[in-house]
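J.:
2 protein chains.
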Amino acid sequence: MPTDKLRTALVDDHPIVIEGLKMLLQNEENVKVVGGFGNGDTFLAYLKQNRVDLVLLDITLPGINGMDLCKMIKNESLTTIILVLSNHTERSIIMQTIQNGASGYLLKNSSVDELRNCISEALKGNICFSKEVIDIISRPSKNQLQGRPQLTRREKQILALLAEGKTSQNIADELFLSPLTVDTHRKNLIQKFEVKNVAGLIMAATQQQLL
Amino acid sequence: MPTDKLRTALVDDHPIVIEGLKMLLQNEENVKVVGGFGNGDTFLAYLKQNRVDLVLLDITLPGINGMDLCKMIKNESLTTIILVLSNHTERSIIMQTIQNGASGYLLKNSSVDELRNCISEALKGNICFSKEVIDIISRPSKNQLQGRPQLTRREKQILALLAEGKTSQNIADELFLSPLTVDTHRKNLIQKFEVKNVAGLIMAATQQQLL
DNA sequence: TATAAAATACCTAAAAATCAGTAGAAAAAA
DNA sequence: TTTTTTCTACTGATTTTTAGGTATTTTATA
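Protein sequences appear in the order of chains A and B.
If you use the working numbering, the first sequence corresponds to residues 46 to 256, in order.
If you use the working numbering, the second sequence corresponds to residues 46 to 256, in order.
#1: Can you pull the DSSP bridge partners for Ala244/B?
#2: Which parts of the region 80-164 of chain B are runs of the beta strand (DSSP E), unbroken and 3 residues or longer, counting only runs that do not cross its ends?
#3: According to DSSP, what are the bridge partners of Thr53/A?
#4: Which runs of the alpha helix (DSSP H) at least 4 residues long sit entirely within the region 208-240 of chain B? Give them in chain order.
#5: For Thr251/B, would you say it is in contact with chain A, using Cβ-to-Cβ distances shorter than 8 Å as the test?
#6: Whose Cβ in chain B lies nearer than 9 Å to the Cβ of Val97/A?
#7: Using CA coordinates, which residue listed in Lys211/A, Thr251/A, Leu168/A, Phe174/A is at the minimum distance from Pro194/A?
#8: Taking a contact to mean a Cβ-Cβ separation below 8 Å, would you say Val100/A touches Thr124/A in this structure?
#9: Under a CB-based cut-off of 8 Å, is Met248/B close to chain A?
#10: Between which two residues does the alpha helix (DSSP H) carrying Ile172/B extend?
#11: The alpha helix (DSSP H) with Leu255/A in it runs from where to where?
#12: Check whether the Cβ atoms of Arg136/B and Asp98/B sit closer than 8 Å, and answer yes or no.
#13: Starting from Asp58/B, trace the alpha helix (DSSP H) in both directions and tell me its first and last residue.
#14: Report the residue from Leu225/B, Asn84/B, Arg161/B whose alpha carbon sits nearest the alpha carbon of Met112/B.
#15: Met117/A CB to nearest chain B CB: under 8 Å?
#16: Say whether the region 224-243 of chain A touches the region 216-224 of chain B, bearing in mind that this needs 3 or more beta-carbon pairs closer than 8 Å, one atom from each stretch.
#17: Would DSSP call Leu206/A helix, strand or coil?
#18: The alpha helix (DSSP H) that contains Glu177/A, what's its start and end?
#19: By the three-class DSSP mapping on this structure, what secondary structure does Gln71/A have?
#20: Under 8 Å, with one C-beta from each stretch per pair, do the region 168-186 of chain B and the region 175-184 of chain A reach the 3-pair mark?
#21: DSSP on Leu196/B, reduced to helix/strand/coil?
#22: Under 8 Å: do the region 241-255 of chain A and the region 193-212 of chain B share three or more Cβ pairs, one atom per stretch?
#23: Listing by chain order, which chain A residues have their CB less than 8 Å from the CB of Gly108/B?
#24: Let me know if Phe74/A comes out buried or exposed under the rule of 16 or more other beta-carbons within 10 Å of its beta-carbon.
#25: Taking 8 Å as the threshold (C-beta atoms), are Leu128/B and Leu92/B in contact?
#26: Run the proximity test for Gly108/B: is its beta-carbon closer than 7 Å to any non-hydrogen atom belonging to the ligand MG?
This is how it looks when you write it as structure tokens:
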């Protein structure tokens, strides 16, 4: 644990949010706000020249978005801890920020306590979410709710091969089937997923995590 | 917080693991192991008849796999807290267990301390990972590492429409372009992603989270 | 063992996609 | 203001997919 205060940066395109966070963090004894930035580029430029221990990040930003920014920050400075503070409630966004290196995700209406708690958890190397975010993550997604088609073994197999970009002929050769049979399975898949072609099929299947 | 001990179930197809966990948890004052199960079906049957507060789950199971089992458990008993204890180190698997309702994911070589800590975090409603798992989550995935193609604005736009299952003609109509132009973009996309057709394209693009 | 579900295979014809190029205009970057 | 990139559009030939179906054989399941 560093004896110094945490050199903390705020990245948000709303000056009011920046000011508000500054006020809130003022009282934290182990935090020192070293800057507020309205977009990713100016922050990255700062990061190249200065040490930053902690950054509170918004997702919606002019130019580079917060998700991509996470990756770039980690690329520049692996030790900088990222907490995302956003209003986005889509699970995919939350997941991706974490995959891109963030140590936590809070909604902007989180309490100061939650923020404080997440900072301390993140410092310990943990990943931390605010309560509402945990609800979002745990709640089944729309894609999963909408009845997913029941696939047979063969269909799953052929679906996987289609996803690899193989033609009916390729697949037929591989599975020792007639290409016409493969066509039939392909047709049934397209029907089951209620899509128009293989492109839509692959898309629907990945969304339902069948690939 | 319940004054009773946590009614805890273990689901793993290795009897040795079950026994080991029983031994470890024996000393925990707030935990009472109510059963060990070798597969998902027998556990679900038990869950229908008995209250279970906590379940430690393996991913690799005969029959229903652990990821799907998470959903079924939550479906049956929303209050049952699920911790996954597995050897799988693929990020997609970790992510999906969480999306399916698990409150934490630990590798089997985790320390008892970590397990104890995760249990208490999970009880508080938090999501908790063991150290190695956090590393896996934060580490950029293979898919993301391998040079992702640089797409132009038009290409991204057409890629998205292709993913919806639209034909070149559809897209051309929508964007007021010649279908031949759309064909060119499509061709360039296929080249950039080094795939053979649109199916492979959609697959590659989703893997690199471009869709 | 009936019965249902899955897997196999075929037909015809139209629609769409892919390959392998070229090339001018517009926009963005140096 | 060059230079480069992106966007646009085309030719022509070939391959593949898609949309209607039908129909027999296996394999599970009741």
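Each residue gets a CB set at the ideal place from its N, CA and C atoms; glycine is no exception.
Please read all numbers here as calculations on a predicted model, not as lab measurements.
T.: The answer reads as follows:
#1: DSSP, once it has assigned bridges, lists no residue as partnering Ala244/B.
#2: 99-102, 126-131, 149-152
#3: Val78/A, Leu99/A
#4: 213-220, 224-237
#5: yes
#6: The contacting residues do not exist; Val97/A stays about 17 Å from chain B at best.
#7: Thr251/A
#8: no
#9: yes
#10: Careful: Ile172/B lies outside any alpha helix (DSSP H) and carries neither H nor E.
#11: No alpha helix (DSSP H) holds Leu255/A; DSSP gives it neither H nor E.
#12: no
#13: Careful: Asp58/B lies outside any alpha helix (DSSP H) and carries neither H nor E.
#14: Asn84/B
#15: no
#16: no
#17: helix
#18: 176-183
#19: helix
#20: yes
#21: coil
#22: yes
#23: Residues of chain A passing the Cβ test: none, with the nearest at roughly 15 Å.
#24: Position check: residue 74/A holds Glu in this sequence, whereas Phe was assumed. By the neighbour-count rule (16 or more Cβ atoms within 10 Å), Glu74/A is not buried but exposed.
#25: no
#26: In terms of ligand content, the structure shown is empty, and the ligand MG therefore cannot be addressed.
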